[in-house]
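Chains as they are written, first to last, in UniProt numbering: chain Z, 1 to 199; chain D, 1 to 199. For glycine and all other residues, C-beta sits at the position ideal for the given N, C-alpha and C. The structure appears below as structure tokens.
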DNA sequence: CTAGTGATGGGACCAAGTCCCATCACTGTA
DNA sequence: TACAGTGATGGGACTTGGTCCCATCACTAG
């Protein structure tokens with residue numbers, strides 16, 4: 001069924017990002033956000049669990065990522081399946097059109113610990129989803145977990161670079177590069193039975 | 001300088017854990033906690049940043065861990081330095097005497113998302129500390145980061161097992177075992193240039 | 001005995017978040 | 001056209017987390 005003005009959640013999220021960027025997260029009231037969106041405070045909480053969630057509500061990450069990992073060839077190595085997931089994100093989520101939004105959002109989150117805390121929780125949740133996805137591919141639990149941790153690390157690195165206003169590479173390239181770097185670093189950490197730095 | 005009744009923060013933390021365990025985190029107000037500790041609400045916020053922090057205030061993890069990693073032999077492999085850190089935790093923090101407390105705390109945290117969110121943030125912070133500690137040992141940034149992530153994973157696994165009421169092993173043994181398992185899993189993930197499962 | 005110091009008590013105050021109910025726009029049906 | 005039903009909204013009352021400020025208390029040094 002339609003509404004007066006459609007897309008209330010989107011309008012709220014836009015208003016929130018604007019206000020957070022203008023005067024900061026602390027100096028912005030939920031009432032402020034709702035009023036700028038032309039809505040009431042109670043309507044805000046009908047669409048978002050709390051004030052922080054307005055910046056994380058989309059959370060369209062886990063879905064495409066898990067689906068693409070599941071769809072990766074059965075014989076693909078663990079981190080290759082992760083790479084398939086990253087490709088899906090580059091295609092469906094982290095598109096060039098959304099980069100400007102992400103850059104602003106990044107700055108807002110970096111400016112307030114409450115938002116960083118929520119981001120940390122989202123990260124844990126996403127890693128758990130990746131772990132399940134890898135386990136569903138038949139990997140032993142711990143291997144799935146390590147793969148997910150390494151993948152999550154690469155994703156954070158790539159996302160951070162993509163959110164950097166000075167960077168114009170597309171997300172797919174950044175993600176593949178980050179994954180390769182993490183893989184190389186992991187090999188160095190293990191470095192066979194030897195020690196680091198090698199004599 | 002002394003006070004009326006000493007150890008206000010400890011009394012508050014004890015009262016909070018009791019009340020959270022009795023009636024749940026949601027059904028316990030800060031006023032309840034303060035009154036059970038024989039203090040005022042404003043005194044609670046003088047000792048803890050917020051209601052969640054009363055369960056995390058100690059946070060004595062990073063200090064000993066970082067110090068022991070720094071003190072590890074210069075020629076030790078990255079994960080061996082991490083193992084030194086775990087030994088320090090077993091000696092100074094996760095002592096048998098504190099296990100009962102940890103078991104109760106674990107149950108409380110597992111019962112409420114707000115506390116899990118705070119725990120996630122503490123985890124990120126601890127991983128960052130480990131990353132710096134490894135970087136200070138001269139490791140390249142990414143190698144330090146991967147080492148810290150793998151170490152943090154092993155720590156979470158060991159801590160979870162140690163907090164399990166059915167387990168009576170000392171923390172040191174659990175940590176060493178977890179670290180070995182994570183290392184083995186990481187080798188499987190990498191598995192050289194090949195694929196998994198290997199044909 | 002007195003002044004200084006640090007911790008505490010307690011109340012006013014703001015904002016987050018919950019709850020509930022009236023109201024509005026729209027839809028399908030008679 | 002009239003009317004009931006549905007889902008989203010408005011708005012106010014209320015609880016609680018969290019901040020701020022100031023008076024007060026216990027203890028200590030002189």
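Can you tell me the Cα-Cα spacing of residue i and residue j, whole angstroms?
i, j, result
"residue 10 of chain D", "residue 163 of chain D", "21 Å"
"residue 101 of chain D", "residue 122 of chain D", "18 Å"
"residue 171 of chain Z", "residue 60 of chain Z", "15 Å"
"residue 36 of chain D", "residue 30 of chain D", "10 Å"
"residue 53 of chain D", "residue 24 of chain D", "16 Å"
"residue 125 of chain D", "residue 139 of chain D", "19 Å"
"residue 199 of chain Z", "residue 154 of chain D", "Low local confidence applies: a pLDDT of 29 at residue 199 of chain Z is under 50, so the model's placement there is unreliable, with the coordinate-based value given in what follows. Cα to Cα, the separation comes out at about 27 Å."
"residue 7 of chain D", "residue 47 of chain D", "11 Å"
"residue 51 of chain D", "residue 113 of chain D", "13 Å"
"residue 156 of chain D", "residue 160 of chain Z", "25 Å"
"residue 141 of chain Z", "residue 41 of chain Z", "44 Å"
"residue 92 of chain D", "residue 99 of chain Z", "46 Å"
"residue 197 of chain Z", "residue 80 of chain Z", "Reliability fails at residue 197 of chain Z, whose pLDDT of 38 lies under 50, so the model's placement of it is uncertain and no value is given."
"residue 49 of chain D", "residue 115 of chain D", "14 Å"
"residue 184 of chain Z", "residue 109 of chain D", "36 Å"
"residue 84 of chain Z", "residue 76 of chain Z", "10 Å"
"residue 103 of chain Z", "residue 169 of chain D", "47 Å"
"residue 127 of chain Z", "residue 45 of chain D", "33 Å"
Would you mind sorting residue i into buried or exposed? The rule is 16 or more other CB atoms within 10 Å of its CB.
i, result
"residue 73 of chain D", "exposed"
"residue 202 of chain D", "Missing from the structure shown is residue 202 of chain D; chain D here goes from 1 to 199 and no further."
"residue 95 of chain D", "exposed"
"residue 38 of chain D", "exposed"
"residue 68 of chain D", "buried"
"residue 193 of chain Z", "Caution is warranted here: a pLDDT of 45 is assigned to residue 193 of chain Z, below 50, making its placement in the model unreliable, and the coordinate value is therefore given only provisionally. It is exposed - the Cβ of residue 193 of chain Z has fewer than 16 other Cβ atoms within 10 Å."
"residue 105 of chain Z", "buried"
Should residue i and residue j be called a contact, given that it needs their Cβ atoms to be closer than 8 Å?
i, j, result
"residue 88 of chain D", "residue 65 of chain D", "yes"
"residue 130 of chain D", "residue 158 of chain D", "no"
"residue 82 of chain D", "residue 180 of chain D", "no"
"residue 13 of chain D", "residue 63 of chain D", "no"
"residue 186 of chain D", "residue 146 of chain Z", "yes"
"residue 32 of chain D", "residue 19 of chain D", "yes"
"residue 188 of chain D", "residue 143 of chain Z", "yes"
"residue 133 of chain D", "residue 70 of chain D", "yes"
"residue 107 of chain D", "residue 21 of chain D", "yes"
"residue 117 of chain D", "residue 118 of chain Z", "yes"
"residue 34 of chain Z", "residue 28 of chain Z", "no"
"residue 120 of chain Z", "residue 120 of chain D", "yes"
Indicate whether the contact test is met: 3 or more Cβ pairs, each with one atom in the region 150-170 of chain D and one in the region 161-178 of chain Z, closer than 8 Å. Output reads no: the region 161-178 of chain Z does not touch the region 150-170 of chain D.
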